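Peer 1: Right, I'll just put the structure down here and ask away after.
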Amino acid sequence: MSAQSRSPASKPAGTPPGPSGRMPARRPVAVALKYELGTETLPRIVATGKGTVAEQILEVAFANGVKVREDADLVEILSAIDVDSDIPVEAIAAVAEILAYVYRANGTLPPEPQAEEPATPLPAQTMEDTP
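Numbering that gives the first Met the number 0 puts the first residue of the sequence shown at 0, with every later residue one more than the last.
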């Protein structure tokens with residue numbers, strides 16, 4: 000899975016439009032994650048990049064049929080993390096939502112586990128049985 004965003008080129012936020020009247024061009028930012036379904040490990044960041052590197056990450060993702068999601072807030076958090084690191088705790092919910100979407104879209108989301116029945120029924124306890 001890859002996340003992408005576009006961040007302003009070299010002008011600070013709030014900079015007025017340039018002479019052409021348009022806002023400055025934005026550079027793409029991309030983060031690629033790896034997760035093994037069925038494991039208890041967190042997703043890992045396997046690539047991050049800005050500009051040309053981000054475009055290459057996205058090209059590889061598209062060429063390999065990897066689902067790509069655009070999320071500026073999430074990519075801002077994830078792009079600050081070192082490659083080959085687990086995702087940070089504050090990103091777990093957002094990444095889990097994206098992974099669930101991807102697995103559903105691919106038809107690979109396993110069914111939710113059902114609660115197991117106890118092997119032997121437990122006897123009912125009444126107020127009289129309690130010491």
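Just so you know, even glycine gets a beta-carbon here, dropped at the ideal spot from N, CA and C. On a predicted model such as this, the values are computed, not experimentally measured, just so you know.
Thinking just about the alpha-carbon of each residue, which of N105, D83, L73 and Y102 is nearest to the one in T40?
Peer 2: Of the listed residues, the one whose Cα sits closest to T40 is D83.
Peer 1: What's the gap between the Cα of D85 and the Cα of A31?
Peer 2: So the two alpha carbons sit approximately 12 Å from each other.
Peer 1: Can the beta-carbon of T107 be found closer than 8 Å to that of S78?
Peer 2: In this structure, S78 does not lie closer than 8 Å to T107 by Cβ.
Peer 1: Write down the C-beta distance between K66 and A92 rounded to the nearest angstrom, noting that I regard them as a contact closer than 8 Å.
Peer 2: Between A92 and K66 the Cβ distance is about 18 Å, and since that is not below 8 Å, they are no contact.
Peer 1: Are V45 and K33 closer than 8 Å when you measure CB to CB?
Peer 2: Yes.
Peer 1: Any heavy atom of the ligand ATP inside 7 Å of the beta-carbon of A95?
Peer 2: Of ligands this structure carries none, so the ligand ATP is not represented either.
Peer 1: Inspect the beta-carbon positions of Y57 and A95 and report whether they are closer than 8 Å.
Peer 2: The sequence shown places Leu at residue 57, rather than the Tyr named in the question. Cβ distance not < 8 Å, so L57 and A95 don't count as in contact.
Peer 1: Going by C-alpha to C-alpha distance, which of R68, R26 and I97 sits closest to E54?
Peer 2: Cα-wise, what sits closest to E54 is R26.
Peer 1: Report, in whole angstroms, the separation of the C-beta atoms of E89 and I76, which I expect to be a contact under 8 Å.
Peer 2: The Cβ separation is near 7 Å, so the contact holds.
Peer 1: Any idea if L73 is buried or exposed, counting beta-carbon neighbours within 10 angstroms, 16 or more meaning buried?
Peer 2: Result: buried.
Peer 1: I need the DSSP call for L36, collapsed to helix, strand or coil.
Peer 2: It is coil, neither helix nor strand.
Peer 1: Could you have a look at A79 and say whether DSSP puts it in helix, strand or coil?
Peer 2: In the structure shown, A79 sits in coil (DSSP, three-state: anything other than H, G, I, E or B).
Peer 1: Between E35 and P42, what straight-line distance do the alpha-carbon atoms span, to the nearest angstrom?
Peer 2: In a straight line, the C-alpha of E35 is about 8 Å away from that of P42.
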